[in-house]
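Since the structure comes first, as structure tokens, the remarks are kept for the end.
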Amino acid sequence: MAPRSTSTSTDVVVGVVRAPHGLRGEVRVEPLTDMFAERFRAGSKLRCEGVGELTVGAVRGTEEDPIVRFAGYDDRGAAEKLRNRQLAVTREEARRAAGDAYLWSDLVGLEVLTPDGLSLGVVREIIRAGETDVLVVARGDAETMLPMLGSVIRSVDLAAARIVAVPQEELG
Numbered sequence: 023m024a025p026r027s028t029s030t031s032t033d034v035v036v037g038v039v040r041a042p043h044g045l046r047g048e049v050r051v052e053p054l055t056d057m058f059a060e061r062f063r064a065g066s067k068l069r070c071e072g073v074g075e076l077t078v079g080a081v082r083g084t085e086e087d088p089i090v091r092f093a094g095y096d097d098r099g100a101a102e103k104l105r106n107r108q109l110a111v112t113r114e115e116a117r118r119a120a121g122d123a124y125l126w127s128d129l130v131g132l133e134v135l136t137p138d139g140l141s142l143g144v145v146r147e148i149i150r151a152g153e154t155d156v157l158v159v160a161r162g163d164a165e166t167m168l169p170m171l172g173s174v175i176r177s178v179d180l181a182a183a184r185i186v187a188v189p190q191e192e193l194g
């Protein structure tokens with residue numbers, strides 16, 4: 023299953039603990055951030071739903087399938103308590119790290135228009151599909167998927183709460 027964007031008004035979810043790995047307290051994490059190296063470096067602090075603050079002790083594996091060890095979680099039983107819990111940073115921390123870029127959570131709820139002003143719907147979620155993020159745009163019961171490519175997404179205006187995009191069938 024592809025990572026899906028989620029957040030609260032104060033936190034931005036950057037990953038989900040999926041399952042313990044081995045016997046020494048390590049866990050498999052499903053990353054939900056394109057800033058993996060910064061978010062999951064040793065010493066980083068993450069908020070874990072229902073648990074509180076966690077400190078990353080070590081990371082191995084790949085950015086797509088990382089195995090993470092959190093300080094104080096030294097055996098499988100302790101790691102089991104983290105199963106299926108979301109890992110987050112504050113919205114302020116996410117904005118600081120993003121710099122001039124926008125957050126996935128900034129895009130959810132924005133109206134998507136064609137260059138001619140025709141509404142394609144509203145961004146319901148964003149999924150990671152390989153190297154390209156994809157906007158899932160809902161209009162009634164219909165969904166349109168738009169890859170986050172310069173040839174498709176022409177502009178993002180957070181202040182006006184809209185995205186201008188060219189539907190793929192119009193790209194030829």
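In my numbering, the protein residues as written are 23 to 194. Note that the Cβ used here is the ideal one computed from N, Cα and C, for glycine as well.
What separation, rounded to the nearest whole angstrom, lies between the Cα atoms of residue i and residue j?
i	j	result
threonine 11	leucine 135	Coverage of the chain is limited to positions 23 through 194, which leaves residue 11 absent and any answer about it impossible.
valine 178	histidine 43	40 Å
alanine 93	glycine 74	13 Å
leucine 180	valine 186	11 Å
alanine 160	aspartate 97	43 Å
arginine 117	aspartate 163	32 Å
leucine 125	arginine 69	18 Å
alanine 183	glycine 99	45 Å
glycine 139	serine 173	17 Å
serine 27	alanine 120	Summary for serine 27: the model assigns pLDDT 42, below 50, so the residue's position carries little reliability, and this model does not support an answer.
glutamine 190	glutamate 52	29 Å
tyrosine 95	arginine 40	15 Å
If we count the other Cβ atoms within 10 Å of its Cβ and call it buried at 16 or more, is residue i buried or exposed?
i	result
aspartate 128	buried
leucine 45	exposed
glycine 83	exposed
proline 137	exposed
aspartate 33	buried
glutamate 165	exposed
glycine 47	buried
alanine 110	buried
alanine 101	buried
In chain order, what residues of the same chain lie with their CB nearer than 6 Å to the CB of residue i, ignoring the 5 residues before and after it?
i	result
glutamine 108	Val35, Val38, Glu71
leucine 54	Pro25, Val35, Val36, Gly37
Going along the chain, which residues of its own chain have a beta-carbon closer than 8 Å to the beta-carbon of residue i, five neighbours each way excluded?
i	result
valine 156	Ile148, Ile149, Arg150, Met167, Leu168, Pro169, Met170
glycine 65	Thr77, Val78
serine 141	Glu133, Val134, Leu135, Arg161
What did DSSP end up calling residue i once you bin it into helix, strand or coil?
i	result
leucine 54	coil
arginine 46	coil
aspartate 179	strand
glycine 143	strand
arginine 117	helix
glycine 194	The predicted position of glycine 194 is uncertain, since its pLDDT is 46 and thus under 50; a value taken from the coordinates is nonetheless stated next. DSSP places glycine 194 in coil when its eight states are reduced to three.
leucine 68	strand
glutamate 75	strand
For residue i, which residues from the same chain have a beta carbon less than 7 Å from its beta carbon, with the 5 sequence-adjacent residues on both sides left out?
i	result
glycine 154	Reading off the sequence shown, one finds threonine at residue 154, where the question assumed glycine. These residues qualify, in order along the chain: Pro169, Met170, Leu171.
Is the shortest distance between the beta-carbon of residue i and the beta-carbons of chain B less than 8 Å?
i	result
valine 158	This model lacks chain B altogether; it includes just one protein chain.
Handout entry: At least three beta-carbon pairs within less than 8 Å, the segment 57-76 to the segment 85-99
Key = yes
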